[in-house]
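All remarks here apply to the structure that follows.
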């Protein structure tokens with residue numbers, strides 16, 4: 014779970030800000046950090062499964078007094094829904110029970126003659142006991 018952590022650190026000059034940023038970015042699980050706040054005294058750390066307490070204690074030891082302000086879960090950016098094109102309207106496929114009898118199959122009740130073939134129009138097999146279907 015990605016999270017945003019806001020830590021207030023007593024930073025007065027650019028040297029301590031750089032040291033605080035370097036310390037925060039080198040920490041395990043941190044993917045980014047930036048300076049925030051009106052007085053540029055807050056660090057916003059973004060990362061996955063960051064140990065917040067250990068990060069705050071490390072900043073206290075290496076930089077200056079640090080105080081945890083907030084921890085928020087980062088929501089993935091929502092993609093705008095593309096306009097859905099309506100699907101083409103096709104007439105439904107009409108299924109007839111059985112298969113065309115012009116094909117040789119064991120359920121042909123009309124007596125397929127293999128040597129001559131059919132002399133008439135193909136007739137659909139409507140027998141409900143067909144084992145193929």
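Residue numbers (the numbering used here): 14 to 146.
Quick reminder that beta carbons are idealized off the backbone N, C-alpha and C, glycines included.
Note that the coordinates shown come from a computational prediction; the quantities given were computed from them, not determined experimentally.
Measuring C-alpha to C-alpha distances from residue 77 to each of 58, 91, 84, 54 identifies 54 as the nearest. Per DSSP, reduced to three states, the secondary structure at residue 59 is strand.
Cβ-Cβ distances below 7 Å link residue 86 to 14, 16 in the same chain, with the five nearest sequence neighbours on each side left out; the list follows chain order. Take residue 34, set aside five residues on each side of it, and the residues of its chain with a beta-carbon closer than 6 Å to its own are 46, in chain order.
Cβ-Cβ distances below 6 Å link residue 82 to 19, 21 in the same chain, with the five nearest sequence neighbours on each side left out; the list follows chain order.
Shown here, residue 21 sits in a strand according to DSSP, grouped into three states.
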